[in-house]
Amino acid sequence: MQTNSKQSRYGMLIDLDRCTGCGACMLACAVENNIPPAHAGTTDRTGLTWMRVHRVEQEGNDASTQTVYLPLMCQQCDEHPPCESVCPQKAVEYDPETGIVAQIPVRCLGCRYCMTACPYHARYFNWWDPSWPAGMEKTLNPGVSTRMRGVVEKCNLCHGRLQEAREQAAASGTSVVAGETFVPACVEACPTRAIMIGDLADPESEIARQIKTPGTFRLLEQLGTQPKVYYSSARQWVREQLQRTIASTRTEVLNG
Amino acid sequence: MNLQQYRWFLVGIVVAAITGWIVFPAALYERIEQPLQFSHNVHIGEAVGMSCTDCHQMNAGERGAAIPAVSKCAECHSEAIGTTEAELKLVEDYIKTEREIPWLVYSQQPQNVHFSHIAHTGRANIRCEECHGPHGESESLRPFERNRISGYSRDIWGSSITRVGNAPWEGKKMDDCADCHTKRGVVNSCLKCHQ
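Protein sequence lines correspond, in order, to chains A and B. Position 208 of the first sequence, counted from 1, bears residue number 208 in my numbering, the numbering being contiguous throughout. Position 123 of the second sequence, counted from 1, bears residue number 123 in my numbering, the numbering being contiguous throughout.
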């Protein structure tokens with residue numbers, strides 16, 4: 001018997017005090033994961049933004065109102081991911097080896113139950129077949145397959161990069177180290193190093209230490225889905241408001 | 001029972017069975033010749049004595065990376081050694097013009113599948129024959145058979161349409177991959193094999 005990797009729990013920690021809202025992560029994510037340029041007629045609700053930076057303003061209208069930018073993607077729920085249990089197709093799977101909540105678009109029938117179930121609105125539906133301007137398809141990433149009209153997709157924690165890291169590890173007889181050999185595109189692109197990836201199951205890892213520091217929280221923790229994406233901020237209003245308002249609709253989140 | 005009475009019914013069954021099991025499968029696949037006839041046997045035989053890894057580098061790399069580039073062939077074939085037509089074509093059409101040979105890969109998986117040779121042949125030490133059969137000793141290249149509907153190679157399903165009597169290495173459907181994984185204790189999560 002052989003197992004090719006020890007049990008991991010890949011997670012992220014996003015430092016909201018460092019995020020400047022520049023959007024580099026959104027771009028890097030779209031390029032990495034072969035997300036086509038928005039189709040004509042795309043609205044705020046029908047685009048494909050696996051990673052999406054929301055602008056949240058402090059509630060209350062006094063002159064001292066502050067703003068925080070919130071990069072939001074699949075929160076990788078560790079326990080009973082709501083999208084997984086509602087899928088009639090088994091097109092969503094919780095990977096026991098990595099903890100990644102995987103979306104398999106080829107299996108998806110497009111019912112969109114998962115989109116309704118997801119408390120974070122982190123899932124997106126393909127309303128159009130993807131298309132790229134002539135010549136641009138040469139820039140596609142061969143390690144990630146494109147999706148068709150009628151299926152749901154979301155952040156898979158750059159699984160294409162994870163597969164590449166596994167392959168490199170197999171070639172060199174080592175194993176994958178999240179944060180070193182496996183780095184998702186958004187983490188790599190962030191100019192202020194606000195996003196960190198790591199293995200939560202490894203108590204020695206930097207991320208496992210960091211999430212215990214004060215000021216670290218998760219979105220909608222009270223739902224009990226144990227998301228593996230953590231956020232941190234030294235500002236109290238950010239922590240309080242984000243845990244509250246994320247429950248409302250996407251547009252409301254946008255406006256804070 | 002009066003068989004006469006069921007005559008057309010029985011004829012119908014026979015026609016349906018023949019269409020379903022013989023005509024349709026035959027029509028389903030189109031046969032495409034490889035761009036060049038190539039004999040593995042000549043190269044691994046005593047005369048040349050190459051080993052598989054001389055041509056097939058099993059490193060991490062992009063899909064298709066295991067097929068040798070023309071520059072490899074040019075090491076020996078910069079001028080024709082023998083007199084065969086295939087070799088002349090190789091020298092004239094590909095080596096002298098520095099074009100890559102557009103080989104058709106029998107075991108090509110659909111685009112949404114991720115496969116890594118190095119994990120299988122390196123770390124898990126599985127021999128080529130377990131998945132590819134005796135291709136490494138073949139004398140000539142059979143035509144590539146492409147499914148007209150899906151565009152996939154016939155080797156994914158295997159030569160027998162009923163899947164009865166296929167050689168153990170034949171067929172690389174999802175279940176074939178997963179069966180070996182289960183046997184060897186490899187976790188079958190979707191994202192391991194899908195991209």
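Think of the CB as a built atom: it goes at the ideal place given N, C-alpha and C, for glycine as much as any other residue.
Can you pull the chain B neighbours of residue i, defined as C-beta to C-beta under 7 Å?
{"i": "Gly110 of chain A", "result": "Per Cβ cutoff of 7 Å: no residues; Gly110 of chain A is ~16 Å from chain B at best."}
{"i": "Ile211 of chain A", "result": "The contacting residues do not exist; Ile211 of chain A stays about 24 Å from chain B at best."}
{"i": "Asn156 of chain A", "result": "Leu191"}
{"i": "Gln163 of chain A", "result": "His114 and Gln195"}
{"i": "Ile100 of chain A", "result": "Leu191"}
Which chain B residues are close to residue i, counting only those with a beta carbon under 8 Å from its beta carbon?
{"i": "Ala185 of chain A", "result": "What Ala185 of chain A touches in chain B: nothing, since even the nearest Cβ is about 15 Å away."}
{"i": "His159 of chain A", "result": "Leu191 and Gln195"}
{"i": "Gln168 of chain A", "result": "Ala60"}
Run through DSSP, which three-state label would residue i get?
{"i": "Phe38 of chain B", "result": "coil"}
{"i": "Lys14 of chain A", "result": "The question names Lys, yet the displayed sequence has Ile at residue 14 of chain A. Looking at Ile14 of chain A - three-state DSSP - the assignment turns out to be strand."}
{"i": "Gly198 of chain A", "result": "strand"}
{"i": "Asn2 of chain B", "result": "coil"}
{"i": "Val253 of chain A", "result": "Below a pLDDT of 50, predicted positions are generally treated as unreliable, and Val253 of chain A, at 43, falls in that range; no measurement from the model is reported."}
{"i": "His54 of chain A", "result": "strand"}
{"i": "Gln2 of chain A", "result": "Because the pLDDT at Gln2 of chain A is just 37, under 50, the model does not fix this residue reliably, and the value given afterwards should be weighed accordingly. Correct three-state label for Gln2 of chain A: coil."}
{"i": "Gln103 of chain A", "result": "strand"}
{"i": "Val183 of chain A", "result": "coil"}
{"i": "Gly12 of chain B", "result": "helix"}
{"i": "Leu70 of chain A", "result": "strand"}
{"i": "His194 of chain B", "result": "strand"}
{"i": "Pro227 of chain A", "result": "strand"}
{"i": "Ala166 of chain A", "result": "In the sequence as presented, Ala is not what sits at residue 166 of chain A; that position holds Arg. DSSP places Arg166 of chain A in helix when its eight states are reduced to three."}
{"i": "Ala178 of chain A", "result": "strand"}
{"i": "Ser248 of chain A", "result": "With a pLDDT of only 47 at Ser248 of chain A, under 50, the local geometry of the prediction cannot be trusted, and the value read off the model is given with reservation. Looking at Ser248 of chain A - three-state DSSP - the assignment turns out to be coil, as it is neither helix nor strand."}
{"i": "Thr216 of chain A", "result": "strand"}
Can you determine whether any heavy atom of the ligand ADP sits closer than 7 Å to the C-beta of residue i, and answer yes or no?
{"i": "Arg112 of chain A", "result": "Absent from the structure shown: the ligand ADP. Ligands present: none."}
State yes or no: is the beta carbon of residue i nearer than 8 Å to at least one beta carbon in chain B?
{"i": "Asn34 of chain A", "result": "no"}
{"i": "Val152 of chain A", "result": "no"}
{"i": "Glu180 of chain A", "result": "no"}
{"i": "Val144 of chain A", "result": "yes"}
{"i": "Thr3 of chain A", "result": "With a pLDDT of 41 at Thr3 of chain A, under the threshold of 50, the predicted position of this residue should be treated as unreliable, though the coordinate-derived value follows. Cβ-Cβ to chain B under 8 Å: yes for Thr3 of chain A."}
{"i": "Glu137 of chain A", "result": "no"}
{"i": "Asp17 of chain A", "result": "no"}
{"i": "Glu84 of chain A", "result": "no"}
{"i": "Pro96 of chain A", "result": "yes"}
For a contact meaning CB atoms closer than 8 Å, what does residue i contact in chain A?
{"i": "Asn125 of chain B", "result": "Result: empty, since nearest Cβ-Cβ is about 10 Å, beyond 8 Å."}
When you compare the CB of residue i with every CB in chain A, is at least one pair closer than 8 Å?
{"i": "Val187 of chain B", "result": "yes"}
{"i": "His56 of chain B", "result": "no"}
{"i": "Ser116 of chain B", "result": "yes"}
{"i": "Ala119 of chain B", "result": "yes"}
{"i": "Asn147 of chain B", "result": "no"}
{"i": "Gln109 of chain B", "result": "no"}
{"i": "Gly122 of chain B", "result": "yes"}
{"i": "Arg154 of chain B", "result": "no"}
{"i": "Arg63 of chain B", "result": "yes"}
Find the residues of chain A that neighbour residue i, judging by a C-beta separation of less than 7 Å, and give them in chain order.
{"i": "Asn112 of chain B", "result": "Val106 and Ser145"}
Residue i and residue j look like a contact to me (Cβ under 8 Å); what is the Cβ gap, rounded to whole Å?
{"i": "Arg163 of chain B", "j": "Gly171 of chain B", "result": "7 Å"}
{"i": "Thr98 of chain A", "j": "Tyr10 of chain A", "result": "5 Å"}
Are there three or more Cβ pairs, one per stretch, closer than 8 Å when the region 133-150 of chain B is compared with the region 190-204 of chain A?
Segments in contact, no.
Should the region 52-71 of chain A be called in touch with the region 152-160 of chain A, which here means at least 3 C-beta pairs below 8 Å?
Using a C-beta cut-off of 8 Å, the region 52-71 of chain A makes no contact with the region 152-160 of chain A, since fewer than three inter-stretch Cβ pairs fall below that distance.
Say whether the region 103-113 of chain B touches the region 78-87 of chain B, bearing in mind that this needs 3 or more beta-carbon pairs closer than 8 Å, one atom from each stretch.
Contact between the region 103-113 of chain B and the region 78-87 of chain B is absent: fewer than 3 CB-CB pairs across the two stretches fall below 8 Å.
Tell me, please, whether the region 126-134 of chain A touches the region 70-88 of chain A by the rule of three or more beta-carbon pairs shorter than 8 Å.
Touching, no.
Does the contact criterion of 3 or more C-beta pairs under 8 Å hold for the region 131-138 of chain A versus the region 96-114 of chain A?
No: fewer than three Cβ pairs fall under 8 Å.
If you pair each beta-carbon of the region 216-233 of chain A with each one of the region 67-80 of chain A, do three or more pairs fall below 8 Å?
Cβ pair count under 8 Å is three or more, so yes.
Would the region 46-58 of chain B and the region 66-74 of chain B be scored as touching if the rule is three or more Cβ pairs under 8 Å?
Contact holds between the region 46-58 of chain B and the region 66-74 of chain B, because three or more Cβ pairs, one in each stretch, are under 8 Å apart.
Using 8 Å as the threshold, is the region 130-140 of chain B in touch with the region 31-39 of chain B, meaning 3 or more CB pairs across them?
Verdict: yes, contact present.
Please determine if the region 109-127 of chain B and the region 162-177 of chain A are in contact, where contact requires at least 3 C-beta pairs separated by less than 8 Å.
By the Cβ rule, the region 109-127 of chain B counts as touching the region 162-177 of chain A, because three or more pairs are nearer than 8 Å.
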